[in-house]
Amino acid sequence: MTHSTLLIAFPKGRLGDELVPKLAHTPLALDPAALKSRVLQIPTATPGVAALLLKGADLPRYVAAGVASLGIVGSDTLDEMDMDLLELADLGFGACRLSLCAKAEVTLEDLRARPHLRLATKFPKATEAWLSREGLTAELVPLSSSAELAPLLGLADAIVDLVQTGGTLKAHGLVETAILGRSSARLVAARGAYLSEPGRLRPLAGALIAALKGQD
C-alpha cells in the first residue's frame, strides 16, 4: 500500500461484526485472508482503498486527524467525543438503546428517591445530560466494560449502557428502567480531507453507503 491509499476506519466489536458481512461481495469487501491475520490494515476489493480496524473510542481520532478519510462509528461514541468530523449518513444498522438499567426489583422511582444515587457508565456525557433533564444528581462511576456487574456487587445502584437485545441484562437479572437515547452506525469524514478532495472522497462515501444500505 502506498501513501496515496485511501483509508476507511472500520470499528471492531459489535458494529464490526455487523459491518463485515454487509460488505461481502461489494466493491469494498475486505480481503478474507487479511481478516484472518493479525494485521489491522486490510485491503478491500477496490484497488487503492484499505480499511483500518480500530476500537470504537479510538476510531474518531484517526478520522479527525486525517489518517483515515472516512470512518464508521456508533453515534453513541460520537456523542461522547468532541471531534471535528462531518457526519455524512446514518447507515441504518447497529441500532441499540442507551438505557438506565437496574435490578429487576428496582424501579425508576426507587432510584429517584435514593439520597446518594450512583450510576456506573462509560457514557458520562449522555448520562449527565439525562440527569440534568430529569432534575437529578448522581455520582458517576466510570467503567469501560462489564458494567452489568456493578449493581450486583454494590459498586453502583444502576448502570447506563447500550442495550441491543437485552439478553446480557436478563442474564444478570437487570432490566431497563429508562431509555436515555438511541444509537446507530454513522458514516463520518475528516472535514479537511472531505472538503479539499471531494472528487476522491464523495464517490467513495457514496459507494460505502450504497454497499451498506443495499442501494443500486
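Counting from 903, one number per residue, gives the positions in the sequence shown under the working numbering.
Positions of the beta carbon are idealized from the N, C-alpha and C atoms, including for glycine.
Residue i in three-state terms, based on DSSP
i: Lys1005; result: strand
i: Glu1011; result: helix
i: Ala1067; result: At residue 1067 the sequence reads Thr, which differs from the Ala that was named. Thr1067: coil per DSSP, three-state reduction.
i: Pro1017; result: coil
i: Ala953; result: strand
i: Met903; result: No answer about Met903 holds up, because its pLDDT of 44 lies below 50 and its placement is not dependable.
i: Gly918; result: helix
Spatial neighbours of residue i in its chain, beta-carbon cut-off 8 Å, leaving aside the 5 residues before and after
i: Thr907; result: Gly950, Val951 and Ala952
Segment limits, beta strand (DSSP E) that includes residue i
i: Pro929; result: Counting along the chain, Pro929 falls outside any beta strand (DSSP E), and DSSP gives it neither H nor E.
i: Arg1088; result: Ala1087 to Ala1092
i: Val969; result: Looking at the DSSP string, Val969 is not in any beta strand (DSSP E), and its letter there is neither H nor E.
i: Asp992; result: Leu987 to Asp992
Contacting residues, own chain, Cβ-Cβ under 6 Å from residue i (five flanking each side not counted)
i: Glu989; result: Arg1088 and Val1090
i: Leu1114; result: Lys924 and Leu993
C-alpha gap between residue i and residue j, whole angstroms
i: Glu1078; j: Ile1061; result: 9 Å
i: Ser1085; j: Leu909; result: 24 Å
i: Ala1022; j: Ala1049; result: 7 Å
i: Gly1094; j: Gly968; result: 8 Å
i: His927; j: Ala1112; result: 13 Å
Boundaries (first-last residue) of the alpha helix (DSSP H) holding residue i
i: Leu1103; result: Pro1100 to Lys1115
i: Leu1051; result: Leu1051 to Leu1054
i: Leu937; result: Pro934 to Lys938
Spatial neighbours of residue i in its chain, beta-carbon cut-off 7 Å, leaving aside the 5 residues before and after
i: Asp981; result: Lys1027 and Ala1028
i: Pro947; result: It should be noted that the sequence gives Ala, not Pro, for residue 947. The answer, listed in chain order, is Pro929, Leu930 and Ala931.
i: Ile944; result: Leu932, Asp933, Ala936, Leu937, Ala952, Ala953 and Leu955
Touching by the beta-carbon criterion (3+ pairs, under 8 Å), the segment 1072 to 1090 and the segment 1039 to 1047: no
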